[in-house]
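**Student:** Reading the sequence shown from the start, the letters are residues -23 to -1, 1 to 150 in mature numbering (1 follows the signal peptide of the UniProt record, and there is no 0). Where a beta carbon is used, it is the ideal one built from N, C-alpha and C, also for glycine. Since the model is a prediction, treat every value here as computed from it, not as a measurement. To start, I am sharing the structure in question, which I have written as structure tokens.
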Amino acid sequence: MTLRSCWYRYCLALLLLSELAMSAPKVEEERIKAVVAYKITHFVVWPDKPSILKLCTLGSSQLSEMLGGVVKQAGKENKILVNTLKLGSDYTNHCDALYIRDLDESDVRVVLRSLKEWPVLTIGDSEEFARDGGMVGLYTEDGKVRFTVNIKAVKQAGLLVKSQLLNLAKVIQ
């Protein structure tokens, strides 16, 4: 092996390691958001309490895997079912909570309109999500995951968010 080929392999290894190092914080942020989404469901009251909470994801299969891992780690596999749905699915029959990520804004609006008066908690991956009609928007600020709650959207769906959660959230009326 020549010195030049060793040098190329060394540079390639450094490049790959730097890519992994840069993606690690993003993966950790997504895992934390999955944990927060799971925890938020503990502070929501549905009109008819589901015996098994159907927690759905839309737009990201990785998110579904992360949520499934969170549920498994919490030992709640028999109380919470994680479903991955496709755009255009019947969200009202398959979900008590729907976490939407990696969709176009127009698709998000269509989904939110279809759920407007149904008791399905909608969670999105940005602060704007709650401003645009979603119920809970997760976002990162100063390196911490925070969330916004749209009270109007929550009430319109017939859900109730407990005050303990609202005290931690940025609330939109």
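(1) Under three-state DSSP, which class holds Q39?
(2) Sort out for me which residues DSSP pairs T99 with in a bridge.
(3) Give the secondary structure of E5 by DSSP, where H, G and I count as helix, E and B as strand, and everything else as coil.
(4) Using CA atoms only, rank isn't needed, just tell me which of G65, L44 and L32 is closest to E5.
(5) Would you report the Cα separation of T34 and L75, rounded to the nearest angstrom?
(6) If we count the other Cβ atoms within 10 Å of its Cβ and call it buried at 16 or more, is V22 buried or exposed?
(7) Assuming contact is defined by CB atoms lying nearer than 8 angstroms, are T125 and G114 in contact in what I supplied?
(8) Please determine if the region 57 to 64 and the region 27 to 41 are in contact, where contact requires at least 3 C-beta pairs separated by less than 8 angstroms.
(9) In the structure shown, what three-state DSSP assignment does L92 receive?
(10) At the level of alpha carbons, what is the spacing between V30 and L98?
(11) On the criterion of 16 or more Cβ atoms from any shown chain inside 10 Å, does K10 qualify as buried, or is it exposed?
(12) Tell whether a beta-carbon distance below 8 angstroms holds between V13 and V148.
(13) Comparing C-alpha positions only, which one of R86, G46 and N127 sits nearest to E7?
(14) Roughly how far, in whole angstroms, is the beta-carbon of R78 from the beta-carbon of D102, given that I think they are within contact range, below 8 angstroms?
(15) Among K26, D81 and L92, whose alpha-carbon lies nearest the alpha-carbon of G36?
(16) Under 8 angstroms between the Cβ atoms of L32 and D73?
**Tutor:** Inspection of the coordinates gives the following:
(1) helix
(2) L75
(3) helix
(4) L44
(5) 6 angstroms
(6) exposed
(7) yes
(8) yes
(9) coil
(10) Here residue 30 is Leu; the residue named in the question, Val, does not match the sequence. Straight-line Cα distance between these residues: approximately 11 angstroms.
(11) buried
(12) no
(13) G46
(14) 4 angstroms
(15) D81
(16) yes
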